[in-house]
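J.:
In the working numbering, the protein residues as written are 29 to 141.
1. With a CB to CB cut of under 6 Å and the five nearest residues on each side skipped, what residues in its chain are close to residue 92?
2. Would you decide whether residue 127 is buried or exposed? Buried here means 16 or more other CB atoms lie within 10 Å of its CB.
3. Between residue 90 and residue 61, what straight-line distance do the alpha-carbon atoms span, to the nearest angstrom?
4. Alpha carbons only, please: which of 57, 68 and 112 is nearest the one belonging to residue 79?
5. Could you tell me which whole beta strand (DSSP E) segments of length 3 or greater appear in the stretch 34-118?
6. Exposed or buried, which one is residue 49 when buried takes at least 16 other CB atoms within 10 Å?
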């Protein structure tokens, strides 16, 4: 059975969409365009994720984009090991103030568990 894990991708410049995690071939961060993570899909399409959710990026540390890319890959792996469907969203961690990938149920209904 294929895990049902989706990534919610949002970009102020490119719009938003949901991407099935099993269609993602590569996740990378290009220092030339530091405002986006770039997800390359099986069909060759590239989708862009704002790394700061629209916030300024001038204080971004050199490793932050690479860390977000690695964190997405590990978040997909962890969600794939759990039963049911999941959505991964990039948002600010209230405790650390940094951006991170967070898992929520695909169906958020008590009767669906």
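Where is the CB? At the ideal position from N, CA and C, for every residue including glycine.
T.: Answer, in terms of the structure:
1. none
2. buried
3. 12 Å
4. 57
5. 43-48, 52-57, 64-69 and 74-78
6. buried
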